[in-house]
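If you read the protein sequences in the order shown, they are chains A and B. Oh and the first sequence: position 213 is 254 in the working numbering, straight run, nothing missing. Oh and the second sequence: position 89 is 130 in the working numbering, straight run, nothing missing. Report on the structure given below.
2 protein chains.
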Amino acid sequence: MVVTIRDVARATGVSISTVSRALANPEQVAEATRVHVQETARTMGYRPNRAARGLVTGRTGSIGLVVPDLENPFFGSICKGVQARARAAGYAVFIADTDEDPLLEDEVVRGLTKQVDGVILCSPRGSDEAVGRVAEDSSLVLVNRTLAGVPSITFDNGGGARAVMRHLVALGHRTIAYAAGPITSWSNRERDTALRDFAEQSNDVELIELGSFPPVFSGGTQAADLALASGATAIVAFNDLVAAGLVDRLRHRGITVPTDISVTGFDNVPMSTLVWPNLTTVDFPRIQMGRASVDALLDTVLGRRKEPRPNLEIPVELVVRQSTGVLPASRAASA
Amino acid sequence: MVVTIRDVARATGVSISTVSRALANPEQVAEATRVHVQETARTMGYRPNRAARGLVTGRTGSIGLVVPDLENPFFGSICKGVQARARAAGYAVFIADTDEDPLLEDEVVRGLTKQVDGVILCSPRGSDEAVGRVAEDSSLVLVNRTLAGVPSITFDNGGGARAVMRHLVALGHRTIAYAAGPITSWSNRERDTALRDFAEQSNDVELIELGSFPPVFSGGTQAADLALASGATAIVAFNDLVAAGLVDRLRHRGITVPTDISVTGFDNVPMSTLVWPNLTTVDFPRIQMGRASVDALLDTVLGRRKEPRPNLEIPVELVVRQSTGVLPASRAASA
DNA sequence: CGAAACGCTGCAAACGTTTGCAGACTGTAG
DNA sequence: CTACAGTCTGCAAACGTTTGCAGCGTTTCG
Numbered sequence: 042m043v044v045t046i047r048d049v050a051r052a053t054g055v056s057i058s059t060v061s062r063a064l065a066n067p068e069q070v071a072e073a074t075r076v077h078v079q080e081t082a083r084t085m086g087y088r089p090n091r092a093a094r095g096l097v098t099g100r101t102g103s104i105g106l107v108v109p110d111l112e113n114p115f116f117g118s119i120c121k122g123v124q125a126r127a128r129a130a131g132y133a134v135f136i137a138d139t140d141e142d143p144l145l146e147d148e149v150v151r152g153l154t155k156q157v158d159g160v161i162l163c164s165p166r167g168s169d170e171a172v173g174r175v176a177e178d179s180s181l182v183l184v185n186r187t188l189a190g191v192p193s194i195t196f197d198n199g200g201g202a203r204a205v206m207r208h209l210v211a212l213g214h215r216t217i218a219y220a221a222g223p224i225t226s227w228s229n230r231e232r233d234t235a236l237r238d239f240a241e242q243s244n245d246v247e248l249i250e251l252g253s254f255p256p257v258f259s260g261g262t263q264a265a266d267l268a269l270a271s272g273a274t275a276i277v278a279f280n281d282l283v284a285a286g287l288v289d290r291l292r293h294r295g296i297t298v299p300t301d302i303s304v305t306g307f308d309n310v311p312m313s314t315l316v317w318p319n320l321t322t323v324d325f326p327r328i329q330m331g332r333a334s335v336d337a338l339l340d341t342v343l344g345r346r347k348e349p350r351p352n353l354e355i356p357v358e359l360v361v362r363q364s365t366g367v368l369p370a371s372r373a374a375s376a
Numbered sequence: 042m043v044v045t046i047r048d049v050a051r052a053t054g055v056s057i058s059t060v061s062r063a064l065a066n067p068e069q070v071a072e073a074t075r076v077h078v079q080e081t082a083r084t085m086g087y088r089p090n091r092a093a094r095g096l097v098t099g100r101t102g103s104i105g106l107v108v109p110d111l112e113n114p115f116f117g118s119i120c121k122g123v124q125a126r127a128r129a130a131g132y133a134v135f136i137a138d139t140d141e142d143p144l145l146e147d148e149v150v151r152g153l154t155k156q157v158d159g160v161i162l163c164s165p166r167g168s169d170e171a172v173g174r175v176a177e178d179s180s181l182v183l184v185n186r187t188l189a190g191v192p193s194i195t196f197d198n199g200g201g202a203r204a205v206m207r208h209l210v211a212l213g214h215r216t217i218a219y220a221a222g223p224i225t226s227w228s229n230r231e232r233d234t235a236l237r238d239f240a241e242q243s244n245d246v247e248l249i250e251l252g253s254f255p256p257v258f259s260g261g262t263q264a265a266d267l268a269l270a271s272g273a274t275a276i277v278a279f280n281d282l283v284a285a286g287l288v289d290r291l292r293h294r295g296i297t298v299p300t301d302i303s304v305t306g307f308d309n310v311p312m313s314t315l316v317w318p319n320l321t322t323v324d325f326p327r328i329q330m331g332r333a334s335v336d337a338l339l340d341t342v343l344g345r346r347k348e349p350r351p352n353l354e355i356p357v358e359l360v361v362r363q364s365t366g367v368l369p370a371s372r373a374a375s376a
């Protein structure tokens with residue numbers, strides 16, 4: 042019922058070796074045989090058994106993708122990019138969701154490594170040691186995180202943070218609060234550092250760091266009151282969800298964005314144009330990152346690249362919308 | 042470097058058959074041997090080669106999941122549920138994104154069937170014929186769609202639509218518009234039919250059907266003006282994204298939701314609590330659906346169920362938030 | 001005490017494919 | 001006509017695992 046290479050061989054009257062070659066290495070068989078075999082294979086509906094092929098070649102023809110939370114559209118986009126590029130290269134994609142759990146992550150990755158040619162590990166929550174150990178015995182590409190000796194792809198968080206600061210300063214803001222994300226988040230550290238450095242270097246800008254909030258809507262709700270009390274005229278949120286929470290809470294407090302206070306996010310998730318006012322944010326080209334990570338993985342898997350490939354940083358872009366505005370004269374005076 | 046069953050056999054001093062059995066069918070080997078083998082295998086870091094196993098058993102230990110758009114959080118949630126349940130059952134998940142393209146869908150599914158034990162086809166865009174052909178020669182479970190003879194899981198769209206109508210009618214609304222989704226969408230047809238039936242059966246309610254809009258934010262923008270012109274006092278949107286677009290456009294036109302007009306969505310995607318006012322919508326338990334679809338697939342794959350399993354309908358729940366309100370007295374009079 | 005039954009283990013075949021090697025054939029040159 | 005190169009094809013081994021079958025030792029029962 043399921044057609045194997047033998048059936049094709051019998052139907053065409055050649056050996057299975059010839060069939061195999063006609064399909065996988067067409068240039069090794071004579072023109073006539075080749076077309077005959079290919080034709081027959083097609084009409085018979087032959088599909089090579091990947092398990093059998095994998096057994097002898099040692100390649101599985103698939104890659105693994107590990108993300109912390111599939112429900113988060115940020116990772117959904119990356120998946121989309123990965124999936125598209127992988128298919129174009131003839132690879133299938135195994136997916137795994139770690140539920141933001143470092144232990145589960147480790148287990149999942151180890152289970153996956155044996156059945157794939159390489160793994161893309163996205164925003165890993167595990168320790169450097171754990172990630173490093175995995176990298177030792179499997180092809181690994183890190184996304185949204187760096188680790189010495191392991192190829193990785195990151196967004197230019199620092200550049201994004203600086204662009205936000207430049208934008209706010211240009212609008213007249215001098216007292217700016219940062220509603221930070223999880224301290225375990227590599228992205229948060231990158232952004233935080235860049236913001237602080239920027240403030241230090243331009244000596245009339247004050248950055249108020251507001252501690253750490255969960256990177257979700259309610260995190261913004263929490264941060265809003267603190268931000269308000271701090272006297273800042275602009276709030277940089279760790280991401281768009283926090284920014285949305287901020288805006289919502291501020292509205293309840295009777296504060297209007299951007300008239301009274303400006304708010305920015307990070308990521309440019311689709312919802313950032315749904316909240317009112319539409320969020321000024323930093324766009325992270327996530328699909329592109331997904332594609333790039335597959336390319337990087339294939340580089341190492343296929344040995345296309347000799348020298349160890351360090352980190353690739355993907356540029357990001359400030360998207361100015363309605364949640365940021367010029368500093369009201371009254372506040373400027375009082376500052 | 043990679044440890045095989047042979048290495049474990051040599052290390053423990055038993056044959057490979059015994060190792061295989063000790064790990065896969067523990068009850069077939071003696072207690073002492075079993076613990077010895079299991080212990081050694083663990084310390085050596087042995088992981089069975091799935092390709093080899095698959096070759097002899099005919100099972101791959103993985104399932105395929107095909108969705109129209111990974112970026113859409115609706116499908117992201119389903120993926121999450123599928124992935125979690127599949128892992129719990131010892132299966133890995135191949136994922137494929139069809140970009141909403143029926144042709145790509147067909148190709149992708151066919152390519153997948155050979156390397157998995159079964160496929161979960163989510164919101165398929167292909168024709169009944171195309172889907173039916175695939176179902177013939179592979180284990181298939183349909184999600185969000187029914188097809189004679191193929192096991193499927195759907196949400197109770199009709200029940201959700203009726204709940205929305207009851208809610209609006211209770212608030213005093215008698216002229217209700219439906220901003221329909223894509224005509225190719227099975228869910229849209231289900232909702233539309235239920236809404237229409239409901240209106241017909243309660244003879245003082247008028248349903249105005251507003252044609253078809255893309256199921257995204259801008260679809261709502263388009264629908265808003267038509268809805269306004271129709272004189273409806275409440276608008277049922279095909280989904281939350283359309284509802285969000287509606288609310289946004291209405292605000293620009295100076296109409297307040299829900300004071301002047303009520304709006305509802307479907308799906309209860311995470312953003313529905315981000316837009317202001319928070320959307321009244323119908324919650325679809327997507328993670329649960331993901332899990333249920335794996336169960337259904339495993340039923341057929343493992344032959345756990347004899348009689349053909351028809352459709353399983355998952356109940357949904359109306360979530361009342363701030364986008365619906367009582368019909369203003371002025372409008373009631375004018376109606 | 002002998003035979004049967006049982007529990008445990010090992011042998012070896014099989015799964016479907018790729019690939020190194022060698023053989024068969026054709027054509028060309030000496 | 002022989003030798004040789006070159007092109008194409010087939011043979012057979014190998015990949016790592018599962019599993020039917022048989023063998024072995026021990027126990028149980030008559």
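For every residue, glycine included, the Cβ atom is placed at its ideal position computed from N, Cα and C.
DSSP three-state assignment for residue i, whether helix, strand or coil
i	result
residue 101/B	coil
residue 282/B	helix
residue 247/A	strand
residue 226/B	coil
residue 216/B	strand
residue 49/A	helix
residue 297/B	coil
residue 253/A	strand
residue 73/A	helix
residue 56/A	coil
residue 189/A	coil
residue 376/A	Low per-residue confidence applies at residue 376/A: pLDDT is 46, beneath 50, and the placement is therefore not dependable enough to give any value.
residue 146/A	helix
residue 369/B	coil
residue 68/B	helix
residue 233/A	helix
residue 210/B	helix
residue 43/A	coil
residue 61/A	helix
Cβ-Cβ distance between residue i and residue j below 8 Å
i	j	result
residue 297/B	residue 364/B	no
residue 92/A	residue 96/B	yes
residue 251/A	residue 221/A	yes
residue 188/B	residue 274/B	no
residue 157/A	residue 105/A	yes
residue 261/B	residue 287/B	yes
residue 154/B	residue 172/B	no
residue 204/A	residue 323/A	yes
residue 316/A	residue 268/A	no
residue 55/B	residue 85/B	no
residue 143/B	residue 166/B	yes
residue 230/B	residue 202/B	no
Residues bridged to residue i (per DSSP)
i	result
residue 194/B	184/B, 353/B
residue 304/A	276/A
residue 266/B	According to DSSP, residue 266/B bridges with nothing at all.
residue 322/B	360/B
residue 221/B	253/B
Task: Continuous beta strand (DSSP E) assignments of at least 3 residues falling wholly in the stretch 152-184 of chain B - done: DSSP runs (the beta strand (DSSP E)) wholly in the stretch 152-184 of chain B: 159-163, 181-184.
Task: Every unbroken beta strand (DSSP E) within the stretch 76-138 of chain B, with a cutoff of 3 residues, ordered by chain - done: For the stretch 76-138 of chain B, the continuous beta strand (DSSP E) assignments of 3+ residues that do not extend past its boundaries occur at 103-108, 133-138, in sequence order.
- [ ] List in chain order: all unbroken beta strand (DSSP E) runs of 3+ residues lying wholly within the stretch 328-366 of chain A.
- [x] Within the stretch 328-366 of chain A, the complete beta strand (DSSP E) runs of at least 3 residues are 352-355, 358-360.
Task: Given 8 Å, three or more beta-carbon pairs between the stretch 210-220 of chain A and the stretch 179-193 of chain A - done: Contact fails: fewer than three Cβ-Cβ distances are below 8 Å.
Task: Contact between the stretch 112-123 of chain A and the stretch 324-336 of chain A (3+ Cβ pairs under 8 Å) - done: Touching, yes.
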